[in-house]
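**Student:** Take a look at the following structure, please.
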């Protein structure tokens, strides 16, 4: 039964990475409509929060209850992780290329592994380190960052490491919440409630409202964005996290840039180079190695 639970956990973390990797499909549509950076953060957070609230009111209202002494866990996932990570990530994108940003973001498994050792007693083994190296190298090749290395300045490095740290902190605070007995639905709802409240002053609320309600399609698309790229992946990631170590989950979730690259090739007819293929192979090898 334990092995079945672990296999199910792996499946859910992979599913989370696939959902996160699909965000490019939504970003391109919203960018064309005039929404950028923090506008997207607010849109995703608000629609996710609303969807989760409606769902929990019908599914189990008890899951909306949290203890005041544990609120720091959700402030951590929502503000310290979600808002901080997005602020750093979008700042990095404005200073460098998308490929550089993607690789810098995937310094996250390094931070997860380093933080999980003292906080949760997770051992740093040779196999984990090898999987980590394969993950980072795979992301480098998947995104083609080698040709863009010259664009990585001091400020870009600062925001890139900040994005990786912020991304990693979701696993850390999420683990603390799980240890306190909270359901993944509860963690998801309060993460995006606090993220919405913190990010709203940084975005153009009137533009977000006008774009998301401009047509029945855009309203449906906005709700779909909240569910597919935010609510669903964070729920299943938390579920998977409950059956494995933080470091392992972070490495498995690195399937995200692979999915993004493949969607770019099949949907947007972007070029797929031998380096991309090599990177995909390295990331998949890291995922297999981390589960042996």
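In the numbering used here, the protein residues as written are 929 to 1220. Yeah, the Cβ is synthetic: ideal placement off N, Cα and C, and Gly gets one too. Nothing here was measured: the structure is a model prediction, and the numbers come from that model.
1) Taking DSSP as the reference, what is the three-state secondary structure of residue 1143?
2) Given the structure, does residue 945 come close to the ligand NAP, in the sense that its CB is under 7 angstroms from one of the ligand's heavy atoms?
3) As a quick exercise: from 1099, 1082, 999, pick the residue whose alpha carbon is nearest that of residue 1044.
4) Is DSSP giving residue 1162 helix, strand or coil here?
5) For residue 1032, does the three-state DSSP call read helix, strand or coil?
6) Output the distance between the C-alpha atoms of residue 947 and residue 1001, rounded to the nearest integer angstrom.
7) Within 10 angstroms of its Cβ, does residue 1139 collect 16 or more other Cβ (buried), or is it exposed?
8) Kindly indicate the opening and closing residues of the alpha helix (DSSP H) around residue 973.
9) I want to know whether the stretch 952–965 touches the stretch 1084–1104 - three or more CB-CB distances under 8 angstroms.
10) Looking at the unbroken alpha helix (DSSP H) that takes in residue 1186, where does it start and where does it end?
11) Return the CA-CA distance between residue 1118 and residue 1106, expressed in angstroms with no decimal places.
12) Do you know offhand how far residue 1078's Cα is from residue 1016's?
13) I'd like to know whether the C-beta atoms of residue 965 and residue 1124 end up nearer to each other than 8 angstroms.
**Tutor:** Working from what's here:
1) coil
2) Because no ligand of any kind appears in the structure shown, any question about the ligand NAP cannot be addressed here.
3) 1099
4) helix
5) helix
6) 24 angstroms
7) buried
8) 965–987
9) no
10) 1183–1194
11) Going by the C-alpha atoms only, they are around 13 angstroms apart.
12) In this predicted model, residue 1078 has a pLDDT of only 47, less than 50, meaning its place in the structure is not dependable enough to derive any value.
13) no
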